[in-house]
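Okay, structure first, notes after.
There are 2 protein chains.
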Amino acid sequence: MAFPNRVLDQLTILAPGLLGGSVAQAAHARGLTRRITLWARRPEVRQQLRAMPWCNQIIDTPEEAVRTASLVVLAAPVEKIVELASQIAPALPEGAIVTDVGSVKGELCRLCSAAMPVRAVFVGSHPMAGSQKTGWENSSATLFDGRTCFVTPLVTTPASAVETVTAFWRALGLDVATLTPEQHDEIVAHISHLPQALATTLCSFLAQKNPAWRDFAGGGLRDTTRIAASDATMWIEIFKQNRNEVLHALREYQHELQGFDDALANRDWNNLRARLERGKVYRDGFKA
Amino acid sequence: MAFPNRVLDQLTILAPGLLGGSVAQAAHARGLTRRITLWARRPEVRQQLRAMPWCNQIIDTPEEAVRTASLVVLAAPVEKIVELASQIAPALPEGAIVTDVGSVKGELCRLCSAAMPVRAVFVGSHPMAGSQKTGWENSSATLFDGRTCFVTPLVTTPASAVETVTAFWRALGLDVATLTPEQHDEIVAHISHLPQALATTLCSFLAQKNPAWRDFAGGGLRDTTRIAASDATMWIEIFKQNRNEVLHALREYQHELQGFDDALANRDWNNLRARLERGKVYRDGFKA
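If you read the protein sequences in the order shown, they are chains E and C. Residue numbers 1 to 288, in this note's numbering, belong to the letters of the first sequence in order. Residue numbers 1 to 288, in this note's numbering, belong to the letters of the second sequence in order.
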């Protein structure tokens, strides 16, 4: 079932938000599937989705939405994914592959895999795309262009299912990195959850100093804090689910920040320069 | 000499880099002066500037460049501005007004004002615009659009000179905020120098963990760290000049970050949510 050699019969996306909606739009734009089937929890959302050209079928229950699915994408908030996997498990057809878009993978992958019937396979995924804006209304067919998707199989996950999920994300325009769920959680703690903590705490701090100062800010503060506008409820769940790894990264980072503070306090300009230059070399190494 | 009621006879910009070049281009585009006169330290830069349509005169010494100037902008790196003010002082004509674009204002404003002859006035300025890219080659006529310029007179600075400098920046498209040099330094420590310290330390930290992880990053890390690519030499000087205020802001911020860490460690989700929501409200309040 590798892409682009085979078109999916039915792609089912459950609980589409920014990411799930973008999966649907990108799959539609790229012709990856004969039918895109969606279920959303709220009836009014299902009604709105019916008008979208990238939806072929809107179904009223998750069980019915997966009954003839080739590939299922669980796009619910991260804390709802395991429950949704358990709910659809009895309705999955022979050979179905189930994946997700959750931001934390360790426990989620173990529990979702355990919830599957023998005729279906769960393979965890995490496309590293997003926005401070949430909801399917903000989704787009190009959200994933040039981004990385983590695919996080367990050692027991069949290779053929991993290959299918990998080929699917590649066909949507993402680079795929295959990691264990634990490696994934360590990496995102550093490159996603720690930056969120810094943007949030910088804004929370400045709000208490003098919010009016923000009107003076140049582009630097604006960019540095953009993700602080993200949805608080989504981030509480991410920090809950990846608490240990985030605490670990946060404490190592605090050590780095204290080193910067010490260098400044001690007027150790060579030390401060080394930190500025190491940071610049790192940042200059980003893909353009 | 208020703008836009009067066109300057001669605008002199000394040591143009990103900001000084942008002042020249914006003043040229908006017709604010009859003549734009530049001096750059390096002969090859003077040669390159001669070919720019926004330069009317390129002069080989700063003294000669200011001899018939109405308004002088000292655009040198912040640690060179006082020296440059002293160097041009004997050559300034009657009624000349001198300003600058330095990122730190306290000592600089006192020393530059003290260096002026009685026939000229110094008024400190700091346009809050910039880029991780430096040099006049990256300057543009639109760099200042919608930005704030701080104007930082001493209590002894004549009001008419403050009005001229204020009108000049407004005519270039900036909003002007008038503050004491000390208020300025406290504010920029929080909204500019602290964000730089966070972006730098985050990159310096991640460089030592695993630089390859950056290839997985979404837009969040990219935006949060953009200014870490800024010039290290420029920032060493800013941190040197504003050391006390930056240390003060950094320590208060570290307290906020420790509070976030404590909330996560203690699974105090209400506390963590309050921080996320306070940060979001602050960030949502940015001008669009």
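All residues carry an ideal CB built from backbone N, CA and C; glycine is no exception.
Exercise. According to DSSP, is ALA2 of chain C helix, strand or coil?
Worked result: Residue placement at ALA2 of chain C cannot be trusted, given a pLDDT of 47 that sits under 50; the coordinates are not used to answer.
Exercise. Are the C-beta atoms of MET52 of chain E and some chain C residue less than 8 Å apart?
Worked result: Not an interface residue.
Problem set entry | Reference ARG283 of chain C; option with closest CA among E:SER230, E:ASP261, E:TRP39 and E:VAL281 | Ranking the options by Cα distance to ARG283 of chain C, first place goes to E:SER230.
Exercise. Hey, out of E:LEU38, E:PHE144 and E:THR178, whose CA is closest to ALA159 of chain E's CA?
Worked result: Comparing Cα-Cα distances from ALA159 of chain E to each of E:LEU38, E:PHE144 and E:THR178, the minimum goes to E:THR178.
Exercise. Nearest CA to the CA of HIS248 of chain E: which residue from E:ALA197, E:TRP213, E:THR134 and E:ALA171?
Worked result: The shortest C-alpha separation from HIS248 of chain E is found at E:ALA197.
For this session: Tell me, please, whether the CB atom of HIS248 of chain C is closer than 8 Å to any CB atom in chain E?
Result: The C-beta of HIS248 of chain C comes no closer than 8 Å to any C-beta of chain E.
For this session: Would you mind sorting ALA2 of chain E into buried or exposed? The rule is 16 or more other CB atoms within 10 Å of its CB.
Result: Residue placement at ALA2 of chain E cannot be trusted, given a pLDDT of 47 that sits under 50; the coordinates are not used to answer.
Exercise. Checking contacts by CB at 8 Å: is ALA15 of chain C closer than that to chain E?
Worked result: Residue contact check for ALA15 of chain C against chain E: no CB pair falls below 8 Å.
Exercise. Apart from the five residues on each side of it in sequence, which residues of its chain come closer than 8 Å, Cβ to Cβ, to LEU49 of chain C?
Worked result: Excluding positions up to five away in sequence, the list reads PRO16, LEU38, ALA40, CYS55, ILE58 and TRP136.
Problem set entry | Of the listed residues C:SER103, C:LEU108, C:PRO62 and C:LYS80, nearest to ALA89 of chain C (C-alpha basis) | Closest by alpha carbon: C:PRO62.
For this session: Inspect the CB distances between the region 114 to 132 of chain C and the region 160 to 168 of chain C and report whether three or more fall short of 8 Å.
Result: Yes, since at least three Cβ pairs between the region 114 to 132 of chain C and the region 160 to 168 of chain C fall closer than 8 Å, the two stretches touch.
Problem set entry | N-terminal and C-terminal residue of the alpha helix (DSSP H) that ASP223 of chain E is part of | Counting along the chain, the unbroken alpha helix (DSSP H) around ASP223 of chain E starts and ends at 219 to 225.
Problem set entry | Status (buried if at least 16 other CB within 10 Å, exposed otherwise) for GLN47 of chain C | Exposed is the label assigned to GLN47 of chain C, since fewer than 16 other Cβ atoms lie within 10 Å of its Cβ.
Problem set entry | Opening and closing residue of the alpha helix (DSSP H) in which THR180 of chain C lies | Element bounds for THR180 of chain C: n/a, residue is neither H nor E.
Problem set entry | Minimum length 3: unbroken beta strand (DSSP E) runs contained in the region 83 to 165 of chain C | If we require 3 residues or more, the beta strand (DSSP E) runs fully inside the region 83 to 165 of chain C come out as 97 to 100, 124 to 127 and 148 to 152.
For this session: Return the residue from the list C:LEU92, C:SER131, C:LEU84 and C:PRO127 that minimises the CA-CA distance to LEU111 of chain C.
Result: Out of C:LEU92, C:SER131, C:LEU84 and C:PRO127, C:LEU84 has the C-alpha closest to the C-alpha of LEU111 of chain C.
Problem set entry | Min CB distance CYS203 of chain E to chain C below 8 Å | True, the Cβ-Cβ gap to chain C drops below 8 Å.
Exercise. Among the residues of its own chain, which have a CB less than 6 Å from the CB of LEU71 of chain E, if the five just before and after it don't count?
Worked result: In its chain, beyond the 5 residues on either side, LEU8, LEU11 and ILE97 have a beta carbon closer than 6 Å to the beta carbon of LEU71 of chain E.
For this session: Give me the Cα-Cα distance between THR233 of chain E and ASP100 of chain C, rounded to the nearest whole angstrom.
Result: C-alpha separation (whole angstroms): 46 Å.
For this session: Pick out whichever of E:VAL246, E:ALA217 and E:ASN270 has its Cα sitting closest to the Cα of PRO127 of chain C.
Result: Per the Cα distances, E:ALA217.
For this session: Could you tell me the distance, in whole angstroms, from the CA atom of LYS240 of chain C to the CA atom of PRO153 of chain C?
Result: In a straight line, the C-alpha of LYS240 of chain C is about 22 Å away from that of PRO153 of chain C.
For this session: Rank E:GLU252, E:ASP145 and E:ALA129 by C-alpha distance to the C-alpha of GLU186 of chain E and give the top, closest one.
Result: It is E:GLU252 whose Cα lies nearest to the Cα of GLU186 of chain E.
For this session: May I have the straight-line CA-CA distance separating TRP213 of chain C from ALA91 of chain C, to the nearest angstrom?
Result: Straight across, the Cα-Cα distance linking TRP213 of chain C with ALA91 of chain C is about 55 Å.
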